[in-house]
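Sequence lines, in order, name chains A, B, C and D. Each residue of the first sequence is one higher than the one before, counting from 1 in the UniProt record's numbering. Each residue of the second sequence is one higher than the one before, counting from 1 in the UniProt record's numbering. Each residue of the third sequence is one higher than the one before, counting from 1 in the UniProt record's numbering. Each residue of the fourth sequence is one higher than the one before, counting from 1 in the UniProt record's numbering.
Number of protein chains: 4
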Amino acid sequence: MTEQRRPGRPRSEAARRAILDAAMRELEEHGYAALTVQGIAARAGVGKQTIYRWWQSKADVVLDALIDMADTHIAVPDRGSLPEDLMAFLKATFDQRGRRPVLIGLMAQALLDPAFARAFRDRFLASRRAAMRKILERAATRGEVAPDIDPETVIDVVYGVLWYRLMLNHAPLDETASSQISDLLLRGITRDR
Amino acid sequence: MTEQRRPGRPRSEAARRAILDAAMRELEEHGYAALTVQGIAARAGVGKQTIYRWWQSKADVVLDALIDMADTHIAVPDRGSLPEDLMAFLKATFDQRGRRPVLIGLMAQALLDPAFARAFRDRFLASRRAAMRKILERAATRGEVAPDIDPETVIDVVYGVLWYRLMLNHAPLDETASSQISDLLLRGITRDR
Amino acid sequence: MTEQRRPGRPRSEAARRAILDAAMRELEEHGYAALTVQGIAARAGVGKQTIYRWWQSKADVVLDALIDMADTHIAVPDRGSLPEDLMAFLKATFDQRGRRPVLIGLMAQALLDPAFARAFRDRFLASRRAAMRKILERAATRGEVAPDIDPETVIDVVYGVLWYRLMLNHAPLDETASSQISDLLLRGITRDR
Amino acid sequence: MTEQRRPGRPRSEAARRAILDAAMRELEEHGYAALTVQGIAARAGVGKQTIYRWWQSKADVVLDALIDMADTHIAVPDRGSLPEDLMAFLKATFDQRGRRPVLIGLMAQALLDPAFARAFRDRFLASRRAAMRKILERAATRGEVAPDIDPETVIDVVYGVLWYRLMLNHAPLDETASSQISDLLLRGITRDR
DNA sequence: CGTTAAGCGAGACGGTACGTCTGGTCTTCGT
DNA sequence: ACGAAGACCAGACGTACCGTCTCGCTTAACG
């Protein structure tokens, strides 16, 4: 049951790779704001049309490049307890150093273009949220989570802080941050009674 | 100690207002992505140079317009207890319905332009954070907050969720959201022991 | 020895024609001073870049349009004697009625832009001077011209008067003018001894 | 019958001079094409309005500057015979070395702006033509000119060559040129019978 | 001597066109 | 049919000047 071959010259995998690589390199060197389809095409040694044939915009290219390089499946090994799971997850998730320019650029695009926002949400953000959701479900099964807590809200809080700091760059996303957020989520901010 | 008058024709307040108004109206009608300096100038009945003379980019215009229309000083009346203060603040803060396009556009710009990001942070976001900080300080004075809690992290959580939902538009920013966040912050997510 | 074809989409002849035509029509209707690249592009239904890709300035466009419409090769049939040749040439040359705005505009540009002046001289004026030169050479062969006369000076006189009257518009360029110039050149102004 | 004094502050002669001087200096340094009213005003330490109050355009300023510096009255001393008068006149007239940029610029403006063309003709060119006309009249009185020669045509020939060479810069305006033109005018180009 | 009236430097104003840039599409040939 | 090359239409960009306007200040002559 092989994939039926279409007539004509098949899509060039070399071109695809060249485009994704060129996009990432342009982005690293000049930043997302300076990214242009022309620039990517020139750097990849490819015609502009070859890009437009397969992607709708430069953001889609970058999104593909990101997904291509990111772990498609996020492993969330069970460490036995919510605090440990959460801490491990935050540490892994917050470490976005290298990817910051890419994420920032894509978010900017998503803010300006609702159609791309959907793609960004469904093809990238969703899988991250799913990982976090799995941890919470595990904890719920263990009875570690209060029953009236909405897991989606918790996920929003985690990714909210992550993105907020990623975007404004006013506070670090290091281990201290992880443990503060973790603490805050687990205990709340109120003084223990 | 009077403000020394500069020589030459003074800046036209009428033009300033017309530009800010035109920017907001263009934004409401066509969205931030379609906003152009030419469009603002045309709508305001103003030369483009008059815009470039006083603002560095369309984002700066919109930022000024936003600040102009937003309450410069955010009132945070003391309701007596942290839970009540927090709930009131969240309800007021989350109600950004009308401003969403403006905020989204400005954040997009901030992500693309570090110089503007600074202005956005210092001239707009800072005052919002200050309001939240005041509430936390008040609560700390009352002994309502655990001593090892970093108020800046709490602020990041609150505004993190706000922005995350504002940007992704995947979950409401209504009263239910407010109380969930409030609950979560006050008690943590762990089942009471 | 065929012209090697370059890769990519070939230049659009339709666009070239549309641009030249639009330039001439704009010029006829509004005059050279009001001619703008934007206007030509709009009238031709063409992007501005398509003009800038092939011409350096609006003057170059007009020069091409003029050369395109002018007889590239000026016929100077041999009428047998210098007086007859000269009179025929002057009558033909002085009849610039329709072209006056074009010529005036190009000369203005040439006066303001030395680079264009060169192009104007070499690509347009030179061929006109060559025609006159041929007549004088023919007359010299016949022994009709005094041997110490510099033909270039004579050419300068003819075209000098032509341009001077064309520019100042203070005297006609009609048949009377032709015969006066012709007379003057042939006999000089001194009373016959 | 003295010029009735108008009330209010009188026109500043210092400003007038500064403007004319600044215009000439700008012109010498950067050429007519780069001349701007703003530039003249800045260089002269004068407000733009002070220029527009007294002149209609930069060309009018330059024209005034030219007239100011040129000999208002052109002396044409009677040397006794047409050949000597003519030669002296041509030598003096052709020597426009320093003034070339000014004359070229003004002519360019005249070609683009009919209103200025009139001013240029009446306020500058006319007096030059008058000088030449006087010489021809003198010669006519002496019986040196053929009776059917139109002096205006002769003047056009002289100034035609002058301007043609001045504008195209393809041939010198030196003494050789003067004597060639003089010869040609006096004897015609035909071989002596 | 103070009022009146214009000129002055300065510089912001509403405009227009510039020449450049990028977007997204189309058209060619070669593979 | 795909890929490269590159021209095409479109339109915003930010700049440069235009010619006008609006300030406060200066400079006379007149009452």
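All C-beta atoms in this analysis are idealised placements derived from N, C-alpha and C, irrespective of residue type, glycine included. Note that this is a predicted model, so its numbers are computed, not measured.
I believe residue i touches residue j by the beta-carbon criterion, under 8 Å. Please report the beta-carbon distance rounded to the nearest angstrom.
i	j	result
R97 of chain D	A146 of chain C	Contact doesn't hold; Cβ gap of about 30 Å is too wide.
W163 of chain B	G160 of chain A	7 Å
A59 of chain A	K48 of chain A	Actually they are not in contact, since the Cβ atoms of A59 of chain A and K48 of chain A sit about 16 Å apart, beyond 8 Å.
L82 of chain C	E144 of chain C	4 Å
I135 of chain C	V76 of chain C	6 Å
L20 of chain D	A65 of chain D	4 Å
V62 of chain A	G105 of chain A	6 Å
F116 of chain B	S179 of chain B	About 35 Å separates the two Cβ atoms, so there is no contact after all.
D113 of chain B	A33 of chain A	6 Å
T50 of chain B	A22 of chain B	Not a contact, Cβ separation roughly 11 Å.
I189 of chain A	F124 of chain A	Not a contact, Cβ separation roughly 31 Å.
E139 of chain A	D85 of chain A	A small fix is needed here, since residue 139 of chain A is Ala in this sequence, not Glu. Indeed, because the Cβ distance is near 7 Å, the residues count as touching under 8 Å.
A119 of chain A	A108 of chain B	Not quite, the Cβ-Cβ distance comes to about 16 Å (not below 8 Å), so this is no contact.
D35 of chain A	F94 of chain A	The sequence shown places Leu at residue 35 of chain A, not Asp. Actually they do not touch by this definition, with Cβ atoms about 25 Å apart.
Tell me the DSSP secondary structure of residue i in three-state form.
i	result
V145 of chain C	strand
T190 of chain C	strand
A126 of chain B	helix
Q4 of chain A	Residue confidence for Q4 of chain A is low, a pLDDT of 46 falling below 50, so the modelled location carries little weight; the figure read from the coordinates is stated next. Residue state, collapsed to three classes: coil.
A22 of chain D	helix
A171 of chain D	coil
I135 of chain B	helix
D150 of chain B	coil
D156 of chain B	helix
R16 of chain C	helix
T36 of chain B	coil
R11 of chain B	coil
E28 of chain D	helix
S182 of chain D	helix
With a threshold of 7 Å (Cβ to nearest heavy atom), would residue i be considered close to the ligand NAD?
i	result
F116 of chain C	Judged by which ligands are present, the structure shown has none, so any question about the ligand NAD falls away.
- Report yes or no: do the stretch 140–156 of chain A and the stretch 168–188 of chain B share at least 3 C-beta pairs separated by less than 8 Å? These segments touch.
- Message: Please identify, using Cβ separations under 7 Å, the residues of the stretch 149–162 of chain B that lie next to chain A, in order along the chain.
- Response: Hits within the stretch, in order: I149, D150, E152, T153, V154, D156, V157, Y159, G160 and V161.
- Taking only beta carbons into account, state which residues of the stretch 121–139 of chain B come closer than 8 Å to chain A, listed in chain order. Listed by position along the chain: R121 and L125.
- Query: When the Cβ atoms of the stretch 128–140 of chain C are set against those of the stretch 77–97 of chain C, are three or more pairs found closer than 8 Å?
  - Reply: Enough Cβ pairs lie closer than 8 Å, so yes.
- Item | At least three beta-carbon pairs within less than 8 Å, the stretch 28–42 of chain D to the stretch 179–187 of chain C | Result no; under three Cβ-Cβ pairs closer than 8 Å.
- Query: What runs of the alpha helix (DSSP H), each 4 residues or longer, lie entirely inside the stretch 76–129 of chain A?
  - Reply: Positions of the alpha helix (DSSP H) runs, each at least 4 residues long and wholly inside the stretch 76–129 of chain A, are given as 82–94, 100–112 and 114–120 in order along the chain.
- Message: Give me the subset of the stretch 14–43 of chain B whose CB atoms are less than 7 Å from a CB atom of chain A, sorted by chain position.
- Response: Of all residues in the stretch 14–43 of chain B, Y32 and A33 have a Cβ within less than 7 Å of some Cβ in chain A.
- Would you list, in chain order, the members of the stretch 87–119 of chain B that have their beta-carbon closer than 9 Å to a beta-carbon of chain A? Against chain A - using a Cβ distance shorter than 9 Å - the residues of the stretch 87–119 of chain B are I104, G105, M107, A108, Q109, A110, L111, L112, D113, P114 and A117.
- Mind checking the stretch 57–74 of chain D against chain C and listing, in chain order, the residues whose C-beta falls within less than 7 Å of any C-beta there? For chain C, none of the residues of the stretch 57–74 of chain D brings a beta carbon within less than 7 Å of one of its beta carbons.
- Query: Taking only runs of the alpha helix (DSSP H) that begin and end inside the stretch 44–77 of chain B, which ones reach a length of at least 4 residues, in chain order?
  - Reply: DSSP runs (the alpha helix (DSSP H)) wholly in the stretch 44–77 of chain B: 48–54 and 58–69.
- Task: Could you name the residues of the stretch 178–190 of chain D whose beta carbon sits closer than 9 Å to any beta carbon of chain C, in the order they occur along the chain?
- Result: Result list: Q180, I181, D183, L184, L185, L186, R187, G188, I189 and T190.
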